[in-house]
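J.: Attaching a single structure in C-alpha cells format; questions to follow.
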Amino acid sequence: MPHRVRPKNVLTLESLKPHKARAVAEDPPYVVGVSGSSGGPIALRVLEAMRTAGVPVALVVSDGGRAVLKEECGIEAEALSRYATALYADSDIGAAIASGSRPTRGMAIVPCSSNTVAKLALGLTDTLLTRAAHVHLKERRRLVIVPRESPLPTLLLRHLTTLSELGVVVLDAAPPYYLHPQSVDDQTSYLAGKVLDHLGIPHHLYRGWKEAAP
Ligand SMILES: Cc1cc2nc3c(=O)[nH]c(=O)nc-3n(C[C@H](O)[C@H](O)[C@H](O)COP(=O)(O)O)c2cc1C
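In this note's numbering, the protein residues as written are 116 to 329.
Laid out in C-alpha cells, this is it:
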C-alpha cells in the first residue's frame with residue numbers, strides 16, 4: 116500500500132480549530148481611534164484612564180487627528196504610544212485590527228471628525244481607522260464615537276442617525292452643566308468617563324447625579 120503524504124498548505128480540521136493558546140496569551144485590546152475633530156484633550160484623558168484601568172489598547176491616529184493633537188495638546192501622535200499596547204499608522208491597512216478574525220473588546224473614536232463619521236456611514240474604509248471601525252460594525256461589536264461640530268449640519272445629522280441605527284453609541288461632546296463642572300478639565304473628564312462607561316471600563320473620572328450625596 117503506497118505511503119500517503121499529506122500535501123502542504125491543505126486545511127485540516129485540526130488547523131481550523133480555534134487557537135486556544137492565542138486567546139489565553141493575548142488579551143483582546145480595546146481599539147482607540149483619534150481623528151481630526153476638536154477634542155484632543157478628551158482622547159488623552161480616555162487613554163490615561165485606560166492605562167490606569169490596565170487594559171490593552173490598540174491605537175490609531177488619522178492625519179486629521181495628528182493635526183488636532185498638535186494644535187490642542189502640543190504633542191505628536193507618537194507621544195501617545197506610552198498609553199498603547201500597539202500604535203498603528205493610519206496607512207497600515209493590513210494591521211491586525213483591520214480584520215474581523217482578530218478579536219477586540221470594542222472601539223472608541225475620540226474625537227470623531229465629520230469626515231470620519233461620513234466615511235463610517237457610507238462604508239468607506241480607505242484608512243486603518245475607518246477599516247477598523249467598519250470591522251466593528253460588521254462584527255456587531257461595540258463602537259462609540261464622539262463627534263464635535265457646531266452647528267450640526269444636516270448631512271452630519273443624517274450620517275449620525277444612520278450610525279445610531281446600526282448600534283453605534285454617539286456621545287456628543289457637550290458639557291454636563293447639571294453636574295456643575297468647575298473647569299474645562301472637569302468637562303473633559305466627564306466626556307472621557309462617558310466613553311469608558313460605554314466600553315464597560317471602570318474609572319473615577321466623574322461622579323454621577325447625586326452620587327456624592329446618596
Ligand atoms: C485644529 C483643527 C480643528 C478641527 N476641528 C474640527 C471639528 O471640530 N470637527 C470636524 O468635523 N472637523 C474638524 N477639523 C477638520 C478635520 O480635521 C478635517 O476635516 C480632516 O480632514 C479630518 O480627517 P480625518 O477624518 O481623517 O481625521 C479640524 C481641523 C483642525 C486642524
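We put the beta carbon where it would ideally sit given N, CA and C, even for glycine.
In this structure, does DSSP put Ala248 in helix, strand or coil?
T.: Helix at Ala248.
J.: Flag Ala182 as yes when its Cβ comes closer than 7 Å to any non-hydrogen atom of ligand 1, and as no otherwise.
T.: Yes, since a heavy atom of ligand 1 falls inside the 7 Å radius drawn around the Cβ of Ala182.
J.: Among the candidates Ile260, Gly180 and Ala173, whose CA atom is the shortest distance from the CA of Arg217?
T.: Minimum Cα distance to Arg217 is reached at Ala173.
J.: I believe Ile261 touches Gly180 by the beta-carbon criterion, under 8 Å. Please report the beta-carbon distance rounded to the nearest angstrom.
T.: Before going on, a small fix: residue 261 reads as Val here, not Ile. In fact, because the Cβ distance is near 12 Å, the residues do not count as touching under 8 Å.
J.: Excluding sequence positions up to five away, which residues of its chain have a Cβ less than 7 Å from the Cβ of Ser150?
T.: Once the five neighbours on either side are set aside, the close Cβ partners of Ser150 are Ser177, Gly179, Gly180, Ile224, Pro226, Cys227, Ser228, Thr231 and Leu244.
J.: Pull up the CB-CB distance for Leu286 and Val250, whole angstroms please, since I reckon it's below 8 Å.
T.: About 20 Å separates the two Cβ atoms, so there is no contact after all.
J.: Using only alpha-carbon positions, find the residue among Ala288, Tyr198 and Ser152 that is nearest to Leu162.
T.: Looking at the Cα atoms, Tyr198 is the closest of the given residues.
J.: Quick check: what's the CA-CA separation for Arg273 versus Gly238?
T.: About 14 Å.
J.: Nearest-angstrom Cα distance between Ala236 and Ser206?
T.: About 20 Å.
J.: Measuring alpha carbon to alpha carbon, tell me which of Tyr305, Arg257 and Gly323 ends up nearest Leu159.
T.: The shortest C-alpha separation from Leu159 is found at Tyr305.
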